[in-house]
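Structure first, then comments.
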Amino acid sequence: MSRHEHGTDAAEEAEFFEAPSWEERYSGDQKMWSGNPNAQLVAEVSAMPPGTALDVGCGEGGDVIWLAQRGWQVTGADFSANGLARAARHADEAGVADRTDWLQVDARTFAAEGRSYDLVTTHFLHPPDGGMVDVTRRLAEAVAPGGHLLVVGHAPSEGSTHLSASHRPAMFLAEDLLPGLPDDFEALVVEQRPRTMIRDGVKIDIEDATLLARRSSTQSA
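Residue numbering for the sequence shown follows UniProt numbering, beginning at 1 and increasing consecutively.
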C-alpha cells in the first residue's frame, strides 16, 4: 500500500526527501540499515588500490566502514547530523575511526571547493524532480585526476511499483546521468544490474542503475 493510500498528501511526500525527515528517522535507537556494503560498491571497488574516498549520502556508514577496512581514507557525507553521529559511532565500534571523517552537506548544494578524492561514490541518493544529473555533476568535480566516480540508484522496475507517485520520478537509469559527466570523464559502466532484495519479508527483484566513470589523469590548463 502506498503512502497516498494512507492519505499522505503531496507536501508530506516531498518532505521524505528533506533533511528533517531523515533527522527524525535517525533520532531513535533502532538500526535502519544492515551495515553491509552496497553490492555495486563491492563489485566495482574491490580491485581498486586504496586511496582517498568520499561517500555522499553515507547514512549509518556501512560503505564508509567497508572502504576504511580496506585501507581507504574516507570522508562520509550526509545532510543528517543524526545519521553522521550514528556513522561515526559505528566506525569507532569497527575500529576504523582513524581512517574516517565526516561532513554534513546536502548533495544538491555540494561544492568541491578544492577538495579532491580518488573515489567519489553515492548509493541510492534520490533527489526529486530529476535532480540527480546536477548531483552527478557536482560530485564529479570532487574526483581527482585519474580517479573514479561511482553513482548507483534505484532504476524503475517491477519491484518499484509499490512506491508512491512522488518517489517514482526520483528513480533513474544509469544513462540518464551521462549529461552530468564533465568532458574529461570516460564512462566505464553504464547499465542496470538486477538484484534481489528482501522487503517486509518478501523477496523482490529490483535493478541498480550503475554508472562508473574515470576522470582523465591529465587536465588541460
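Glycine included, every Cβ here is placed at the ideal spot set by N, Cα and C.
In this structure, the CA atom of Gly61 is about 7 Å from the CA atom of Ala91. About 6 Å separates the beta carbon of Thr122 from that of Val151, a gap short enough to meet the 8 Å contact definition. Under the three-pair Cβ rule at 8 Å, the region 46-53 counts as touching the region 65-79. Judged by their CB atoms, Arg195 and Asp208 are nearer to each other than the 7 Å cut-off. Residues of the same chain with a CB within less than 8 Å of the CB of Ala107, apart from the 5 flanking positions on each side, are Val56, Gly57, Ala77, Phe79, Thr122, Leu125, Pro127, Val135, Arg138, Leu139 in chain order. Nearest neighbour of Val74 by Cα position, chosen from Ser217, Ala85, Arg214, Leu103, turns out to be Leu103.
In terms of Cβ geometry, Leu54 and Tyr117 form a close pair [threshold 7 Å].
Contact check for Thr210 against Gln40 passes: the beta carbons are separated by less than 7 Å. Secondary structure of Ala77 (DSSP, three-state): strand.
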